[in-house]
Amino acid sequence: MPEESRRAVRAFAASVAVGLAGALVWLTPIGPALEADFGLTALFHLRGVRPVTEPVAIVAVDRAATSHLWLRRAPPRDAPCDGARAGSGAPGPEWVNPPAPTRLSSWPRCLHGLLVRRLHEAGARAVVFDMLFRPREPAFYGFDVAADDALFAQALRAAGNVIVGHKLEQDTTAASGEHAGLAPLSQDIHDAALAAAPFPLPEPRDQVRRAALFFDGEPPLPTLPAVAYHAFVDGSRAELVLAQSAGVNDETGRRLPLLSRTAALRQHFAAADDARGSFRETGNEDTFATLLDLFGGPAVRYINFHGPPGTVPTIGYDAVIAGAPDVLQRLRGRTVFVGYAESAQAEPHDDHRTVFAGPRANMHGVEIAATAFANIHARAFLREPGPSVTAVIVFVAGAAATAAVLAGSVGIGLLGVGMLGAAWLAVAWFVFRSNFVWLPIVGPLAVQLPLGVLVALGWRYREALQQRARLQRAFANFVPPDVASRLTQNAQALHTLRRRVQAACMATDAHRYTSLAERLAPEALLEFLNRYYEPLFDAVARHGGFVSDVVGDSMVAIWPEGDDEAAARARVCAACLSLIEGADRLAEREPETALLTRVGVAWGPIVLAPVGALNHYEYRGVGDAVNTANRLQSLAGKLGVRIAVSKELTAGLDTVVTRELGDFLLKGKSEPVHVVEIVAAADRADAATRERCAAFDEAVAAWRRGDVATARARLETLRLSHPGDGPLNYLLGRLGPTGTRERLEIPVV
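Numbering (our numbering), first residue to last: -14 to 734.
This is the structure:
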């Protein structure tokens, strides 16, 4: 197969692999979770606020409304709301506000009855209380709770269109084990209401994305938004009966039944054409379609939020109680949700995050329920494509991005990927805004397109490396004249690569190399040098340095300081010890060619730059530290030590054990260098080694301060146990016989 064909096959395989990888991930729970967490939020914010045109409103119980409500301080026990009114100021000292809105359960319920009468006068189609009216203990209230419930129930019966909240609770007492049950309600209120239904939401401050419209069970259980729409429709057509069940109150005949989606479809829409015709005759064909969608669609759906908290039209509880005509007019023909909605301070159990909510701006349950009702009315719940469709979209995005970059030039491919991403984002935004269809954007745009580009660029980079390797192999055998000419013309650009750094410079030397080179043939010497430099180069690389130069048996390595000077110096010290250990292991394995390696290291400023001319350059360090390192390795040979370094390298380090060697005026330098020997790693040095180094340091310190006698005495003591120690014998030789000198001059080496 020709190379071009093989390349096309490999590119096709890479594109398919990227697409399949993304598609498989998006078929697991990970993909949908990412889309819900990030993609859905992004689409909502791109779309912005969607005006509320559905017939829904909220009556909010908040601190402002509470401060404008007034009850008598001492009302009759059987009429706690006698004379209740709304206004911005207290009518007199005998009037008080109801309890704070966070203690809504402490309010007299007859106040809600007054609200229901006002809403009935306003012509509200249905009234939904997102509140739980539990039975109350009379001892905890200053009024007759039974009479209070009766007053509220009287208002509910008169209105005939009020739904109250229910609550699902876990029941662990049943024989069948733990299951969801309904919390008890006040019997008067339960019987008087048109219906009672729950609206379960996640834990407080968890993000709300979906609303449950039904719970399948026996009997089937609709939630508050579904029952609210049922009441809304029933209010427009009194003769419409959607279902029958044991939940109907036979005496009043007004409570809405518990609805079953399957039963409703089977019993009331079995003859769909006849039912549709009946709705068409009354101008309610859209209502029929909405009912089919409500009862036939999923039980749990993604909410299409209109905007941040407060987007749904909201009127204060006090404003409705006051009964201003313009306020009541705004509620005519609407389904009105009543509940806690304090924007400044949330009730602990009614505060939820949505895609629009920010700090201190979470959405309360009443607005979420009202939004779900609006979604039912407009058939505006978000619709998702099936998992298979999502997987195909993600697959195509990854495969297309990979193929686009691999097909032609990188620039054109990246431009194509960008245009593809912008086009898909525009499509996703448009269908989300106009048709409420939630298309994936995280998978295609944030994962697959970048992944495809990275894979394609990596593939092309690999091809470039292979091509460069082929060129390097070709140059090893033959260099065309035109290539050599271009390299010569571009050599001046190398001067821009220079930089000044604080660095450690290491110089090594192998003792007895000259005699070895004399004995070995050049080929054998070359093979030996490769084995010799392997542990040296490895030690430098493992500890963060780089080899700058190699000449025969000598090596120069450099460690730029980096962000942490102490850490860089510690790495250099570790490299010195590792390098010596590696060279000694080679000497043990090959004693016939054994070399004794010595190291010198200096710390100071250097310039890293290409050095050379015409068509030959070498990247190396230039500066006094490089020359000093070479002098220090020569000094190590004269003193008989393996590692001699400038004091600046080891200052403040506790990772190595060192020994003072003294001050030396190195050849060609005008200032003496404080030299120390790196003896061992701190975690590997025994007590005897530490004691020997400490005693030697004390002798050198005595020498420096002119106390020759003390220095000589300590050195003589050390020589008893270490007669062959090079620095010890060198220093004793400099001191001379007893009494010949009182102070040692700085030696020149």
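Ideal Cβ placement from N, Cα and C applies to all residues, glycine included.
* What is the DSSP secondary structure of H362, counted as helix, strand or coil? -> Indexing the sequence shown from 1 puts residue 362 at position 377. H362: helix per DSSP, three-state reduction.
* CA-CA distance, A6 and H337? -> Numbered from 1 along the sequence shown, position 21 holds the residue referred to as residue 6. Numbered from 1 along the sequence shown, position 352 holds the residue referred to as residue 337. Looking at the two C-alpha atoms, the distance is approximately 35 angstroms.
* Would you give the residue range spanned by the alpha helix (DSSP H) that H175 belongs to? => One-based indexing of the sequence shown puts residue 175 at position 190. Its alpha helix (DSSP H) spans residues 172 to 177.
* **Neighbour-count burial assignment, L9, 16 or more Cβ in a 10 Å radius** => Working through the sequence shown from its first residue, we reach residue 9 at position 24. By the beta-carbon neighbour count (other beta carbons within 10 angstroms, threshold 16), L9 is exposed.
* For the region 545 to 556 and the region 564 to 580, state whether three or more C-beta atom pairs, one from each stretch, are separated by less than 8 angstroms. => no
* Asked: Y715 CB to nearest chain D CB: under 8 angstroms?
  -> Although the question refers to chain D, the structure presented lacks it and comprises just one protein chain.
* To do: Tell me where the alpha helix (DSSP H) around M404 begins and ends.
  => Stepping through the sequence shown from its first residue, residue 404 is reached at position 419. Where M404 is concerned, the enclosing alpha helix (DSSP H) stretches over 395 to 420.
* Asked: Closest to G68 by CA distance: which of P40, I306, A670 is it?
  -> By 1-based counting over the sequence shown, the position of residue 68 is 83. Of the candidates P40, I306, A670, the one whose C-alpha sits nearest the C-alpha of G68 is I306.
* With DSSP as the reference, label P294 as helix, strand or coil. => By 1-based counting over the sequence shown, the position of residue 294 is 309. Looking at P294 - three-state DSSP - the assignment turns out to be coil, as it is neither helix nor strand.
* Asked: First and last residue of the beta strand (DSSP E) that includes V685?
  -> Position 700 of the sequence shown, counted from the first residue, corresponds to residue 685. Run containing V685: none in the beta strand (DSSP E); it sits in the alpha helix (DSSP H), 672 to 689.
* A216 versus N146 - alpha carbon distance -> Sequence index remark: in the sequence shown, residue 216 carries index 231 (1-based). Sequence index remark: in the sequence shown, residue 146 carries index 161 (1-based). So the two alpha carbons sit approximately 7 angstroms from each other.
* To do: Report the rounded CA-to-CA distance for P65 versus G301, giving the unit in angstroms.
  => In the sequence shown, counting from the first residue as 1, residue 65 sits at position 80. In the sequence shown, counting from the first residue as 1, residue 301 sits at position 316. Taking the CA atoms as reference points, P65 sits about 21 angstroms from G301.
* **Start and end residues, alpha helix (DSSP H) containing G738** => Residue 738 lies beyond the residue range present for the chain, which begins at -14 and ends at 734; the question has no answer from this structure.
* To do: Determine, using beta carbons only, whether L620 and R497 come nearer to each other than 8 angstroms.
  => Start at 1 with the first residue of the sequence shown, and residue 620 comes out as number 635. Start at 1 with the first residue of the sequence shown, and residue 497 comes out as number 512. Cβ atoms of L620 and R497: not closer than 8 angstroms.
* When DSSP labels each residue in this structure, what does E79 get in the three-state scheme? -> Position 94 of the sequence shown, counted from the start, is the residue given in the question as residue 79. E79: coil per DSSP, three-state reduction.
* Asked: Mind checking whether V390 and L399 have CB atoms under 8 angstroms apart?
  -> The count along the sequence shown starts at 1 and reaches residue 390 at position 405. The count along the sequence shown starts at 1 and reaches residue 399 at position 414. Contact: yes.
* Does the Cβ-Cβ distance between V34 and G292 come in under 8 angstroms? -> Counting from 1 along the sequence shown, the entry for residue 34 is found at position 49. Counting from 1 along the sequence shown, the entry for residue 292 is found at position 307. Their beta carbons are under 8 angstroms apart, which means V34 touches G292 by this criterion.
* Do P120 and P169 come within 8 angstroms of each other at the CB atom, strictly closer than that value? -> The residue labelled residue 169 in the question sits at position 184 within the sequence shown. The residue labelled residue 120 in the question sits at position 135 within the sequence shown. Yes, Cβ-Cβ distance for P169 and P120 is below 8 angstroms.
* Asked: Which runs of the alpha helix (DSSP H) fall wholly inside the region 477 to 527 and span at least 4 residues, in chain order?
  -> 498 to 504, 507 to 527
* **Nonlocal neighbours in the same chain, by C-beta distance under 7 angstroms from A357, ignoring five residues either side** => Counted from its first residue, the sequence shown places residue 357 at position 372. The residues are A196, P210, I288.
* Asked: Within 10 angstroms of its Cβ, does P36 collect 16 or more other Cβ (buried), or is it exposed?
  -> Numbered from 1 along the sequence shown, position 51 holds the residue referred to as residue 36. Exposed.
* Report yes if the CB atom of V149 is closer than 8 angstroms to the CB atom of A107, and no otherwise. => Taking the first residue of the sequence shown as position 1, residue 149 is located at position 164. Taking the first residue of the sequence shown as position 1, residue 107 is located at position 122. No, these two residues do not count as a Cβ contact at 8 angstroms.
* Which first and last residues belong to the alpha helix (DSSP H) in which D303 is found? -> If you number the sequence shown from 1, residue 303 lands on position 318. Here the alpha helix (DSSP H) through D303 covers 302 to 307.
* Asked: For A610, which residues from the same chain have a beta carbon less than 6 angstroms from its beta carbon, with the 5 sequence-adjacent residues on both sides left out?
  -> Locating residue 610 in the sequence shown gives position 625, counting from the first residue. So the list reads C490, A587, G589, I591, once near-sequence residues are dropped.
* To do: Find out if the Cβ-Cβ distance for the pair L167, L153 is shorter than 8 angstroms.
  => One-based indexing of the sequence shown puts residue 167 at position 182. One-based indexing of the sequence shown puts residue 153 at position 168. Yes.
* Asked: Tell me which same chain residues have a C-beta within less than 7 angstroms of the C-beta of R418, skipping the five on either side of it?
  -> Reading the sequence shown from its first residue, position 433 is the one you call residue 418. Taken in chain order, the residues that qualify are R32.
* Residue(s) in a DSSP beta bridge with W544 -> The sequence position of residue 544 within the sequence shown is 559, counting from 1. Partner(s): A489.
* To do: Leaving out five residues on either side along the sequence, give the residues of the same chain with a beta carbon under 6 angstroms from the beta carbon of G350.
  => Here residue 350 is taken as the residue at index 365 of the sequence shown, counted from 1. Here the set comprises D115, L186, D335.
* To do: Pick helix, strand or coil for A629, following the three-state DSSP scheme.
  => Here residue 629 refers to the residue found at position 644 of the sequence shown. In the structure shown, A629 sits in a strand (DSSP, three-state: E or B).
* **T296 versus R48 - alpha carbon distance** => For the purposes of this step, residue 296 is identified with residue 311 of the sequence shown, where counting begins at 1. For the purposes of this step, residue 48 is identified with residue 63 of the sequence shown, where counting begins at 1. The C-alpha of R48 is placed about 19 angstroms away from the C-alpha of T296.
* May I ask you to report which of helix, strand or coil DSSP gives P708? => Counted from its first residue, the sequence shown places residue 708 at position 723. It is coil, neither helix nor strand.
* Reference G711; option with closest CA among G637, G622, I426, A386 -> Taking the first residue of the sequence shown as 1, we reach residue 711 at position 726. Closest option to G711, Cα to Cα, is G622.
* Hey, would you say P298 sits closer than 8 angstroms to I378, going by beta carbons? -> What you label residue 298 is simply residue 313 of the sequence shown in a count that begins at 1. What you label residue 378 is simply residue 393 of the sequence shown in a count that begins at 1. In this structure, I378 does not lie closer than 8 angstroms to P298 by Cβ.
* Asked: Considering only residues of the same chain and omitting the five flanking positions on each side of A(-1), which have a CB-CB separation below 8 angstroms?
  -> Numbered from its first residue, the sequence shown carries residue -1 at position 14. So the qualifying residues of the chain are T387, L391, V440, A441, W444.
* Can you tell me which of the three DSSP states H337 falls into? => Locating residue 337 in the sequence shown gives position 352, counting from the first residue. If DSSP states are grouped into helix, strand and coil, H337 belongs with the strands.
* If we count Cβ pairs, one from each stretch, closer than 8 angstroms, do we get three or more for the region 509 to 527 versus the region 560 to 567? -> yes
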